[in-house]
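Asker: Residue numbers (our numbering), protein chains in the order written: chain A, 721 to 906; chain B, 18 to 90.
Shown below is the structure under consideration.
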């Protein structure tokens, strides 16, 4: 039997022994999106790994509950967001996490229309994480979701429980806050 | 000798500049930046190995109704 490899469909003589080939295909298609959301939302590679595992395990166990009203990706995001928010909530309850005051940065004179410049891409992850950590959870989530080109504003709106117009407005401000913080990480 | 040192320093500076130019990138906004990073990220293979163990007792038939919904099979 072939070794299971992330990012590849699992094939072999008896794939049903652990995951159906179809579920492996689902994992293959969406694992990067879910892992990236978890990584940057939680800010910890190990926790992101745990969260991605838990999300797909929940999905596997709830497959019969999926009614096809949303896309598979949206459904997986829904599970992932709930999971990550629950984790953050439990950390907040233990006073581990704090959010920045976005309003201060929304009113800053940061040049949001200018491009974000990066000299060393190897430090990019660190800078992005520092920037996202400085944002409120709401802005962080919106920016991570809109970065996925497969999601429409309407789907994002459903995921965050707001109207599409509200999402557009908040995204405009979130991008501005992100740009202002990102400049400071250089 | 001094000239050689100066030339060497100039060369190092030029190499450093070239290196920076090679890795310098510009992103229109945060969407583009995050999209770029997401595409570079490697998903740890440990996740799929853990999933294999976690689902071992669930049985493969759990996915059947869902996939019937999706593909009409």
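A virtual CB, placed ideally from N, CA and C, is assigned to each residue, including glycine.
Tell me which same chain residues have a C-beta within less than 7 Å of the C-beta of residue 905 of chain A, skipping the five on either side of it?
Answerer: Contacts found: 847, 850 and 851.
Asker: Is the Cβ-Cβ distance between residue 71 of chain B and residue 864 of chain A less than 7 Å?
Answerer: It is not a contact, given that the beta carbons lie outside the stated cut-off.
Asker: When the Cα of residue 803 of chain A is compared with those of A:758, A:858 and A:862, which residue comes out closest?
Answerer: Of the candidates A:758, A:858 and A:862, the one whose C-alpha sits nearest the C-alpha of residue 803 of chain A is A:758.
Asker: Between the region 855 to 862 of chain A and the region 37 to 57 of chain B, can you find at least three pairs of beta-carbon atoms closer than 8 Å?
Answerer: These segments do not touch.
Asker: Whose Cβ in chain B lies nearer than 8 Å to the Cβ of residue 772 of chain A?
Answerer: Result: 60 and 64.
Asker: Find the residues of chain E that neighbour residue 863 of chain A, judging by a C-beta separation of less than 9 Å, and give them in chain order.
Answerer: Any reference to chain E falls outside this structure, whose protein chains are A and B.
Asker: Identify, in the order they occur along the chain, each residue of the same chain with its Cβ nearer than 8 Å to the Cβ of residue 790 of chain A, setting aside the five sequence neighbours on each side.
Answerer: Around residue 790 of chain A: 798, 875 and 878.
Asker: Name the chain B residues that come within less than 8 Å of residue 804 of chain A, Cβ to Cβ?
Answerer: Per Cβ cutoff of 8 Å: no residues; residue 804 of chain A is ~15 Å from chain B at best.
Asker: What are the boundary residues of the alpha helix (DSSP H) that residue 49 of chain B is part of?
Answerer: That run of the alpha helix (DSSP H) goes 47 to 57.
Asker: Are any of the Cβ atoms in chain B nearer than 7 Å to that of residue 867 of chain A?
Answerer: Yes, its Cβ sits closer than 7 Å to a Cβ of chain B.
Asker: Just the chain B side, please: which residues come within less than 7 Å of residue 873 of chain A by C-beta, in chain order?
Answerer: Residues of chain B passing the Cβ test: none, with the nearest at roughly 12 Å.
Asker: Would you decide whether residue 47 of chain B is buried or exposed? Buried here means 16 or more other CB atoms lie within 10 Å of its CB.
Answerer: Residue 47 of chain B should be labelled buried.
Asker: According to DSSP, what are the bridge partners of residue 836 of chain A?
Answerer: Beta-bridge pairing links residue 836 of chain A to B:44.
Asker: Would residue 777 of chain A count as contacting chain B if we go by Cβ distances under 7 Å?
Answerer: Chain B, which has a Cβ nearer than 7 Å to the Cβ of residue 777 of chain A, makes this yes.
Asker: Compute the beta-carbon to beta-carbon distance between residue 55 of chain B and residue 756 of chain A, rounded to the nearest angstrom, for a pair I have assumed lies under 8 Å.
Answerer: So it is a contact: roughly 4 Å between Cβ atoms.
Asker: Thinking C-alpha only, which one of A:743, A:768, A:787 and A:783 is nearest residue 800 of chain A?
Answerer: The option with the nearest alpha carbon to residue 800 of chain A is A:768.
Asker: Report the neighbours of residue 895 of chain A on chain B: residues whose CB is nearer than 8 Å to its CB, in chain order.
Answerer: Per Cβ cutoff of 8 Å: 46, 47 and 48.
Asker: Which whole-angstrom value describes the C-beta separation of residue 868 of chain A and residue 753 of chain A, a residue pair presumed to lie in contact below a C-beta threshold of 8 Å?
Answerer: Confirmed, Cβ separation roughly 6 Å.
Asker: Whose Cβ in chain B lies nearer than 7 Å to the Cβ of residue 769 of chain A?
Answerer: Within 7 Å Cβ-Cβ: 61, 63 and 64.
Asker: Between which two residues does the alpha helix (DSSP H) holding residue 850 of chain A run?
Answerer: Looking at the DSSP string, the run of the alpha helix (DSSP H) that includes residue 850 of chain A is 844 to 854.
Asker: So is residue 901 of chain A buried or exposed if we call it buried at 16+ other beta carbons inside 10 Å?
Answerer: Burial call: buried.
Asker: For residue 844 of chain A, which residues in chain B fall below 7 Å Cβ to Cβ?
Answerer: In chain order: 54.
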